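This report refers to the structure that appears directly beneath it.
2 protein chains.
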Amino acid sequence: MIAFKGRTYTCPIDVTFSFINGKWKVLILSHLYRYKKRSYSEIRDNLPRISEKMLSQQLKEMEADELIVKKTISSKPYRVEYALAKNGKAFSPIMEFASKWGIRYLKANGIDYLKDQELYK
Amino acid sequence: MIAFKGRTYTCPIDVTFSFINGKWKVLILSHLYRYKKRSYSEIRDNLPRISEKMLSQQLKEMEADELIVKKTISSKPYRVEYALAKNGKAFSPIMEFASKWGIRYLKANGIDYLKDQELYK
DNA sequence: GGACGGACCTACTTTTTGGTAAGCCCTGTT
DNA sequence: AACAGGGCTTACCAAAAAGTAGGTCCGTCC
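Sequence lines, in order, name chains A and B.
First residue of the first sequence: -10, per this note's numbering; consecutive thereafter.
First residue of the second sequence: -10, per this note's numbering; consecutive thereafter.
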């Protein structure tokens, strides 16, 4: 048992995953990993089915956890840019691995993602 | 969007994480990764706070997903043994990574897990 | 024969998470 | 002036996940 910031964790793995639990965090992370800098609406449009409530909520939590950084690139018309922060970048190996794993798994189950991806989206 | 077995996924990463979502699955996986073969009560006793409901529920789902295998090692007194199955073993790199990441993160925040772990449990 | 431990299962409640729909402020466009 | 974005927020509700508190069925041990 590890006590840390008001929560208790079973082990370090528990600590690590506490950062990315939730349906959308890994997806946002992987999106930013791929595109480096993205606006709010770009992220939203790339994650079909996410609601704005969820998106802004997760972005906030991830910012607080230093997984991502938000930069105001213009204030006259208010425009922002999200990118990976240090903690977020540190998760890249997991993103890479999970992506490959998923592609392999899908292939083993009759779906060729790399070949078919133009069909989706 | 990927349609697969009645669910839809945003991308392969989404597919991968669908196997290990839930508070306990990674922890069970990492436990089996460390100990190879464990009985029901050994797993339970190593995951403080897990309820038996949660444990047996997750074990069942993980068995169905071929993350783990259950073997009946004795039926006179009914005894079982859980171990990683092929899909589960394939997650080992994530376990390793997440463990190291967590330890590093804790250290950066003033907790030396490796040094202090005898204090817990 | 009674207590104990292993390996579960079940009904019920609570908590957490996620979804819906609407609205706000600002600016650029027509 | 009206509308279309962009970047959000909020109140309210539904669904899903997890916790609680039991119980069952063996079989071994004292």
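The beta-carbon is built from N, C-alpha and C at its ideal position, and this holds for glycine as well.
The model shown is predicted, which means the values in this text are computed figures rather than measured ones.
Within the region 30 to 74 of chain B, the beta strand (DSSP E) runs of at least 3 residues that lie entirely inside it are, in chain order, 57 to 63 and 68 to 73. Against chain B, a Cβ distance below 9 Å from Val58(A) picks out nothing, because the smallest value is about 18 Å. Taking 8 Å as the cut-off, the beta carbon of Glu50(A) is found no closer than this to the beta carbon of Ala74(A).
Ranked by Cα distance from Ile57(B), the first of Lys89(B), Lys65(B), Ser63(B) and Leu48(B) is Leu48(B). Shown here for Trp13(A): same chain residues with a beta carbon closer than 8 Å to its own, the five before and five after excluded, namely Leu36, Ile39, Met43, Leu44 and Gln47 in chain order. Residues of chain A whose Cβ lies closer than 8 Å to the Cβ of Ser88(B) are, in chain order, Cys0, Pro1, Ile2 and Thr5. Put simply, of Ser7(B), Leu21(B) and Leu16(B) the residue whose alpha carbon is nearest the alpha carbon of Val15(A) is Ser7(B).
Assignment of beta-bridge partners to Phe(-7)(B) by DSSP yields Arg(-4)(B).
At least 8 Å separates the CB of Gly77(A) from every CB of chain B.
Between the region 83 to 99 of chain A and the region 67 to 84 of chain B, the count of C-beta pairs closer than 8 Å reaches three or more; the two stretches touch. Here Arg27(B) is buried. Its C-beta has 16 or more other C-beta atoms within 10 Å. For Ser19(B), the C-beta contacts it makes with chain A under 8 Å involve Cys0 and Ile2, in order along the chain. Linking Glu70(A) to Lys59(A) through their CA atoms gives a straight-line distance of about 6 Å. Contact between Ile2(A) and Met84(B) holds, with the beta-carbon distance rounding to 6 Å and staying under 8 Å. Between the alpha carbons of Lys(-6)(A) and Tyr102(B) lies a distance of about 15 Å.
For Arg27(A), DSSP records a beta bridge to Tyr71(A). Proximity of chain A to Pro66(B) at the Cβ level (cut-off 8 Å) is not reached, the minimal Cβ distance being about 29 Å. Taken atom to atom, the span from the alpha-carbon of Ile32(A) to that of Asn10(A) is near 18 Å. Secondary structure of Trp90(B) (DSSP, three-state): helix.
In chain order, Ile83 and Phe86 make up the part of chain A whose C-beta sits under 7 Å from the C-beta of Ile83(B). Contact between Val4(A) and Leu18(B) is ruled out by a C-beta separation of about 16 Å, above the 8 Å threshold.
Sixteen is the threshold: when 16 or more other Cβ atoms of the shown chains lie within 10 Å of the Cβ of Tyr22(B), as they do, the residue is buried. Contact of Leu44(B) with chain A is not assigned, every C-beta pair being separated by 8 Å or more. Among the CB atoms of chain B, none fall inside 8 Å of the CB of Leu73(A).
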